[in-house]
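There are 4 protein chains.
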Amino acid sequence: MSQRRLRVGLIGCGRIGRVHAENLSLRLPQAQLCAVCDTTRASAEEVAGRWEIPQVTAEPEEIFSDAAIEAVLICSPTDTHADYIVAAARAGKHVFCEKPIDHDLRRIDTALEAVRNAGVKFQVGFNRRFDANFARVRRAVVSGEIGALRQIHITSRDPAPPPVSYIRSSGGLFLDMTIHDFDMARFLTGEEIAEVYTQAGVLVDPAIGEAGDVDTAVTLLRFRNGTLGSIDNSRQAAYGYDQRVEVLGSKGSVATANRFPNDAVISDGTSVRRDLPLRFFMDRYQESFVAELAAFVESVLEDRPPAVSGEDGRAAVMLALAARKSHQEGRPVRVEEVG
Amino acid sequence: MSQRRLRVGLIGCGRIGRVHAENLSLRLPQAQLCAVCDTTRASAEEVAGRWEIPQVTAEPEEIFSDAAIEAVLICSPTDTHADYIVAAARAGKHVFCEKPIDHDLRRIDTALEAVRNAGVKFQVGFNRRFDANFARVRRAVVSGEIGALRQIHITSRDPAPPPVSYIRSSGGLFLDMTIHDFDMARFLTGEEIAEVYTQAGVLVDPAIGEAGDVDTAVTLLRFRNGTLGSIDNSRQAAYGYDQRVEVLGSKGSVATANRFPNDAVISDGTSVRRDLPLRFFMDRYQESFVAELAAFVESVLEDRPPAVSGEDGRAAVMLALAARKSHQEGRPVRVEEVG
Amino acid sequence: MSQRRLRVGLIGCGRIGRVHAENLSLRLPQAQLCAVCDTTRASAEEVAGRWEIPQVTAEPEEIFSDAAIEAVLICSPTDTHADYIVAAARAGKHVFCEKPIDHDLRRIDTALEAVRNAGVKFQVGFNRRFDANFARVRRAVVSGEIGALRQIHITSRDPAPPPVSYIRSSGGLFLDMTIHDFDMARFLTGEEIAEVYTQAGVLVDPAIGEAGDVDTAVTLLRFRNGTLGSIDNSRQAAYGYDQRVEVLGSKGSVATANRFPNDAVISDGTSVRRDLPLRFFMDRYQESFVAELAAFVESVLEDRPPAVSGEDGRAAVMLALAARKSHQEGRPVRVEEVG
Amino acid sequence: MSQRRLRVGLIGCGRIGRVHAENLSLRLPQAQLCAVCDTTRASAEEVAGRWEIPQVTAEPEEIFSDAAIEAVLICSPTDTHADYIVAAARAGKHVFCEKPIDHDLRRIDTALEAVRNAGVKFQVGFNRRFDANFARVRRAVVSGEIGALRQIHITSRDPAPPPVSYIRSSGGLFLDMTIHDFDMARFLTGEEIAEVYTQAGVLVDPAIGEAGDVDTAVTLLRFRNGTLGSIDNSRQAAYGYDQRVEVLGSKGSVATANRFPNDAVISDGTSVRRDLPLRFFMDRYQESFVAELAAFVESVLEDRPPAVSGEDGRAAVMLALAARKSHQEGRPVRVEEVG
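Residue numbers (the numbering used here), protein chains in the order written: chain Y, 169 to 507; chain C, 169 to 507; chain A, 169 to 507; chain D, 169 to 507.
Here it is as structure tokens:
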């Protein structure tokens, strides 16, 4: 175990902030959660009470100005990310920021410039890169096990749509959900996407359409090197959280299955069956949330480049914006059109 | 077993013609293969010798004018299909025709009009509809088992590319290969496709590109009812013939796996593995070739509508032409643009 | 295709006799079914009518004395096997005999001696050896893929018990059902079994117990070379015909799954499931019934040793008798005790 | 989270003791590991240092006499278990004891009597009962999902044999390894075993035979209610830790698969494969080790009966002794013979 513990402050005690608070408290002995902040102070206090965190505040500034804090986790609403990144970087804090960095590329650029100028570490919360299944796919690609890449297909479906209130502030399906899949496509292939074409609609719940969003989408990807891909998105899958990829190469393919709570198979007079896959994203990706923070903490403690860079975070936003534009304009969109 | 046996003539003794000749001879007691024809007479003689077929000719006219023959199987090159259909229909023969009917929609219309005018049965050789896996998917859709349709994904990859000589006369990937998948998409969903967008390239073999074709394609589908879909095509899959579909509905999904020569799993110090899936299309689809002919024969003997209509054959060609146009023009193409 | 066709007579037109008649008629061009016999003449006539077999009789002697017949398939009740084998062999006919050869080892010896003296081919109907799954297991063992053998586990369960009338004349579970598994154990390992210990009971249907038989059994096997094994038998499996094996060796294991009518997987709000495995033995083992006859016919036409010898047939009966004795006496039984 | 934390002392800082120390420190906030003891004091100090445990000793008596300690975990060598149980119980401590309680039934009885007299909680370390797979099998049995029980088959193989030095003091395969499977058989069926018959040998490593033990065994089980079962044991499985069960009932079966580090499937020109199953027992059963301690802690805090009783621990030892006797005497052994 590492002797030194990274002193961390957490901003934003919503759902994902609480996941990180628990992981920092229970599963990451190499870090120490010293302070928690939420503009709703009661939220911060609840988290602090549960994990015995000494410092509680409703003012992010208190985190940035606390000399004892070395790194900041930004888990607040998306529209606050860029400002907090700038403030944290200027205060010399290393930054872990939830995705998306922002919905606006110029604001992202400002934030990343502040990070570069300050020379601090910066990691974006694309936790799925740290999942054992996707990591295995990446290894198959990198090692040459499947040869030169030709096709990738990503299936990414939520068990059930979030509340419409959430959807309204989410930036829409592409910036909220597909963004993970764009990052996955880049991560798994190691290649950049040149063009996207999206067909999307409201097939799950009309209320989502009334909120100005779509709930079902298929996005076609053309990579710069000629690799072709597609992403299936749905806000609802009756059977649970559906997170799979398949990559075809010249020597073969690699494909993942969903993860299940157990491996028991029941055979009776009607069918051969098993229980549903893990339904809740925190069950499905629990280990990856731990692993992404461990990677961030180690990148700081050992002064190595973070596993997911600011450029990765920016690229995924660009792709999401291109997909949204493609959907809006009904035509293929080259990614540089939105850059 | 049906008492009466349908008297059949076969035109075209190439690869697929021989599959039908064997099935008619060994596995379809309700039919009798009376005559075989190939413009390369030696080919026809070889087939006739093997299956003890009394009548052999190099002249299709002999088949059409033979009053004893009730039905004709057209397995000759695509550019002869339309003329043979017209001739057979005018002679009052029922017609089974391999796909595609033709590459030209007007010639297809002429052929189908002749069929309608003659009042004969007409079936197109989309054998995959008769495969146990895809039939099960269709049942899941029709029965409401998976609810209202939302997404379909079709994977269709050949084990290895055909000779470039074949590719030159094949009409290209979309008319030769994707055409099956377009039919599958229509068959499984029971819905019509409104728009396609295709990205395609040469990732397998430059010689295919030099022959003016592509070998890798991803095609995005928008159905009239809003269902979204995609098709992955590749002329090469190192692991064998890859033929799968997944359909997502409001109540769940149905997905097929490939078929394997055996179900043995070997676990040793390196992996848990099984033998490769069936590699050859005649092994993979053997039963479906028998079943499609059985269905055709029964539709004649029992005077019922054929399982795959001329309109089905035409629709698949339209979709293939639209996909080709989309690829050529780099934009989504509404299917009626090619109609 | 072999030019010459083996001229075959079939004795016994019950269930399994009809399977062979169909296979000889439709699927084995290298053989010709010339004559069928059943002491219930109507049965023979029905089969002859269906497959257009020229010669029909209720007298087995007519088959034996017909000089044109080269080989005889014995599918009559077990208690007639030995006599028919002797008569056929003396008449110089090659013999294919359904299992078990007989329930009595001395009668088996007499029959096999007649075969040896006549110098004719003799094959026992252990069709499962020709199944693609079990053949793959055998290859894994023979090729050294799993190393030196250590354990074998055989699961063999019928979908539902046969009528009690059948059970009464079947010789009991061990001679009727486990006999296949004993042959499988010998075939897959290539080793002889030294001792068996059986625990059995009536857990499915009391009527089976009243008929003097058991319906559930577990049999432990000790092979001469130290390999250990077990066989699970049940006359009923709610989910269908259950036929699997697993072999453990020093380098790994090989295990088979059941065979299914399709490979579609349905995921909905309750489970991830597939349709039941093939339920009927003729569906499950259809190809193996064809393959065993093809092997027999070829062994005659090409003068090679049959794939399943008389000694194989005898050994399986000995093991079944030893299992029955073990059950009756409640102790492990060395196989030579019953020899 | 429970407010009160159970104060625990740990005796024995070997491999399994360290697993429990880590789980108590990181994953069980409802308990507090206050003291660790190992007769090799350096071992205890190492564990204490790692998990910041205040109290360290080489004298178990210090644990028993410490009034602040409410519960004791006994992870020391088997031959010390009984004495420590007695001492702990007399001191009024609740006891969690690793399996087996002892190799001698009378010493077990003495220990359990002390526990009863003291009125303390007592749980045996059959962690596999808390594994998600086996728990699901148990639910299928209890809920009636598979109907009345008929057969059970347990596969239990280690990836590689332990050092011969360990084997010498382990009590042999039956008391060290099969004991888990006996407990599993009782747990899953909820039934008592009446008779066992074991065939065993040395097929993995002659050194194990020279140490007086066997490395491969198949054990046949007859339950009091007529259910039949078998257990496959091997000290070596090239492919990793192999832990599966199958239970057949009147309405169907339930079967488990092994657990894998990821769910990626690679298909290339040679096979369709996945990575090996989890190899190390602490990876395979990590969650069950946490869950068994959580259950123990809760049984104390909430004054409920422990999930695995002293009688369960005794019954498994009886079965292991009966299996050993069966192996030694080459005959079926009724379990009461060893009681």
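For every residue, glycine included, the Cβ atom is placed at its ideal position computed from N, Cα and C.
Answer yes if the region 373-383 of chain Y comes into contact with the region 328-336 of chain Y, meaning at least three C-beta pairs across the two stretches below 8 Å, and no otherwise. yes
Same chain, Cβ closer than 6 Å to residue 342/A, neighbours up to 5 away in sequence not counted: In the third sequence, counting from the first residue as 1, residue 342/A sits at position 174. Excluding residues within five positions, the ones whose Cβ falls inside 6 Å are 488, 491, 492.
Counting Cβ pairs, one atom from each stretch, are 3 or more of them under 8 Å apart for the region 491-505 of chain A and the region 430-447 of chain D? Contact between the region 491-505 of chain A and the region 430-447 of chain D is absent, because fewer than three Cβ pairs lie under 8 Å.
Any C-beta of chain D sitting closer than 8 Å to the C-beta of residue 210/Y? If you number the first sequence from 1, residue 210/Y lands on position 42. It does not: the Cβ of residue 210/Y has no partner Cβ on chain D nearer than 8 Å.
Rounded distance between the beta-carbons of residue 372/D and residue 403/D, thought under 8 Å: The count along the fourth sequence starts at 1 and reaches residue 403/D at position 235. The count along the fourth sequence starts at 1 and reaches residue 372/D at position 204. That belief holds up - the Cβ atoms of residue 403/D and residue 372/D are roughly 5 Å apart, short of 8 Å.
List the residues that DSSP assigns as beta-bridge partners of residue 200/C. On the second sequence, position 32 is the one that residue 200/C refers to. According to DSSP, residue 200/C bridges with 175/C.
Please confirm if residue 492/D has its CB atom under 8 Å from at least one CB of chain A. The residue labelled residue 492/D in the question sits at position 324 within the fourth sequence. With 8 Å as the cut-off, residue 492/D does not count as an interface residue toward chain A.
Among the candidates 507/Y, 423/Y, 443/Y, whose CA atom is the shortest distance from the CA of residue 300/Y? Looking up residue 300/Y in the first sequence gives position 132. Checked all of 507/Y, 423/Y, 443/Y; the closest Cα to residue 300/Y is 423/Y.
Cβ closer than 7 Å: which chain A residues qualify as neighbours of residue 340/D? Numbered from 1 along the fourth sequence, position 172 holds the residue referred to as residue 340/D. Chain A residues near residue 340/D: none, gap ~17 Å exceeds 7 Å.
Contact set between residue 427/D and chain Y, taken where Cβ atoms lie within less than 8 Å: For the purposes of this step, residue 427/D is identified with residue 259 of the fourth sequence, where counting begins at 1. What residue 427/D touches in chain Y: 431.
Where does residue 421/Y fall in DSSP's three states? In the first sequence, counting from the first residue as 1, residue 421/Y sits at position 253. Note: residue 421/Y maps to strand in three-state DSSP.
Does chain Y have any CB closer than 8 Å to the CB of residue 320/D? Position 152 of the fourth sequence holds residue 320/D. Residue 320/D does not count as touching chain Y.
Would you kindly report the start and end of the unbroken alpha helix (DSSP H) that includes residue 479/Y? Along the first sequence, one-based indexing puts residue 479/Y at 311. Its alpha helix (DSSP H) spans residues 478-497.
Spatial neighbours of residue 407/A in its chain, beta-carbon cut-off 6 Å, leaving aside the 5 residues before and after: Stepping through the third sequence from its first residue, residue 407/A is reached at position 239. The answer, listed in chain order, is 444.
As a quick exercise: from 385/C, 506/C, 354/C, pick the residue whose alpha carbon is nearest that of residue 345/C. In the second sequence, counting from the first residue as 1, residue 345/C sits at position 177. Of the candidates 385/C, 506/C, 354/C, the one whose C-alpha sits nearest the C-alpha of residue 345/C is 385/C.
Taking residue 399/D as the query, report the chain Y residues whose CB atoms sit under 8 Å from its CB, ordered along the chain. Here residue 399/D corresponds to residue number 231 of the fourth sequence, with the count starting at 1. Residues of chain Y passing the Cβ test: none, with the nearest at roughly 18 Å.
With 8 Å as the threshold, decide whether the Cβ of residue 193/D is near any Cβ in chain C. What you label residue 193/D is simply residue 25 of the fourth sequence in a count that begins at 1. Not a single CB atom of chain C sits nearer than 8 Å to the CB of residue 193/D.
Could you tell me whether the region 221-236 of chain A touches the region 172-186 of chain A, where touching means 3 or more Cβ pairs closer than 8 Å? yes
Which value, in whole angstroms, describes the spacing of the CA atoms of residue 217/D and residue 223/D? Translated into positions along the fourth sequence, residue 217/D becomes position 49. Translated into positions along the fourth sequence, residue 223/D becomes position 55. Each residue's alpha carbon lies about 10 Å from the other.
By the 8 Å beta-carbon criterion, what residues does the region 434-460 of chain C contribute toward chain A? 434, 435, 436, 437, 443
In its own chain, which residues sit with a C-beta less than 8 Å from the C-beta of residue 267/A, not counting the 5 before and 5 after it? Residue mapping note: residue 267/A aligns to position 99 of the third sequence, counting from 1. Once the five neighbours on either side are set aside, the close Cβ partners of residue 267/A are 292, 293, 294, 347, 348, 351, 481, 484.
Kindly list the residues whose CB is nearer than 6 Å to the CB of residue 326/C, restricted to its own chain and excluding five residues on each side of it in sequence; keep chain order. As a working mapping, residue 326/C is identified with position 158 in the second sequence. Same-chain partners within the cutoff: 403.
Check each candidate in 368/C, 369/C, 390/C, 339/C and name the one with the smallest Cα separation from residue 357/C. Locating residue 357/C in the second sequence gives position 189, counting from the first residue. Per the Cα distances, 390/C.
Could you spell out where the beta strand (DSSP E) holding residue 241/Y opens and where it closes? Mapped onto the first sequence, residue 241/Y falls at position 73. DSSP places residue 241/Y inside the beta strand (DSSP E), whose first and last residues are 239-242.
List the residues of chain A whose Cβ lies closer than 8 Å to the Cβ of residue 308/C, in chain order. Position 140 of the second sequence, counted from the first residue, corresponds to residue 308/C. Those within 8 Å of residue 308/C in chain A are 432, 434.
According to the neighbour-count rule (16 or more other Cβ atoms, all chains shown, within 10 Å of its Cβ), is residue 496/A buried or exposed? Indexing the third sequence from 1 puts residue 496/A at position 328. Per the 10 Å Cβ criterion, exposed.
Per DSSP, what are the beta-bridge partners of residue 287/C in this structure? Residue numbering aside, residue 287/C sits at position 119 when the second sequence is read from its first letter. Answer by DSSP bridge pairing: none, since residue 287/C is not bridged.
Counting only Cβ pairs nearer than 8 Å, list the residues of chain C close to residue 402/Y. Here residue 402/Y corresponds to residue number 234 of the first sequence, with the count starting at 1. Within 8 Å Cβ-Cβ: 318, 319, 416.
Local Cβ density within 10 Å of residue 449/A, reported as buried at 16 or more and exposed below that: As a working note, residue 449/A is residue 281 in the third sequence. Flag for residue 449/A reads buried.
Between 310/Y, 460/Y, 328/Y, 255/Y, which lies nearest to residue 354/Y when the distance is taken from Cα to Cα? As a working mapping, residue 354/Y is identified with position 186 in the first sequence. Among 310/Y, 460/Y, 328/Y, 255/Y, the Cα nearest to that of residue 354/Y is on 310/Y.
Please return the same chain residues whose Cβ sits closer than 6 Å to the Cβ of residue 289/Y, not counting the five positions on each side in sequence. As a first step, residue 289/Y must be located in the first sequence, where it is residue number 121. Result list for residue 289/Y: 262, 467, 468, 474, in chain order.
Got a sec? Which residues, its chain only, sit under 8 Å from residue 274/Y by beta carbon, not counting five neighbours each side? Residue numbering aside, residue 274/Y sits at position 106 when the first sequence is read from its first letter. A distance below 8 Å between beta-carbons, with the five flanking residues on each side excluded, links residue 274/Y to no residue of its chain.
Can you give me the Cβ contacts of residue 195/D inside the same chain, cut-off strictly under 7 Å, excluding the 5 residues immediately before and after it? Sequence index remark: in the fourth sequence, residue 195/D carries index 27 (1-based). If we look at residue 195/D and ignore the five residues flanking it on each side, its Cβ neighbours are 458.
Same chain, Cβ closer than 7 Å to residue 306/D, neighbours up to 5 away in sequence not counted: Reading the fourth sequence from its first residue, position 138 is the one you call residue 306/D. The residues are 355, 356.
Which value, in whole angstroms, describes the spacing of the CA atoms of residue 319/D and residue 415/D? If you number the fourth sequence from 1, residue 319/D lands on position 151. If you number the fourth sequence from 1, residue 415/D lands on position 247. Between residue 319/D and residue 415/D, the alpha-carbon positions lie close to 6 Å from each other.
Exposed or buried, what is residue 256/Y when buried is set at 16 or more other beta-carbons lying within 10 Å of its beta-carbon? Here the question's residue 256/Y lines up with position 88 in the first sequence. Classification for residue 256/Y: buried.
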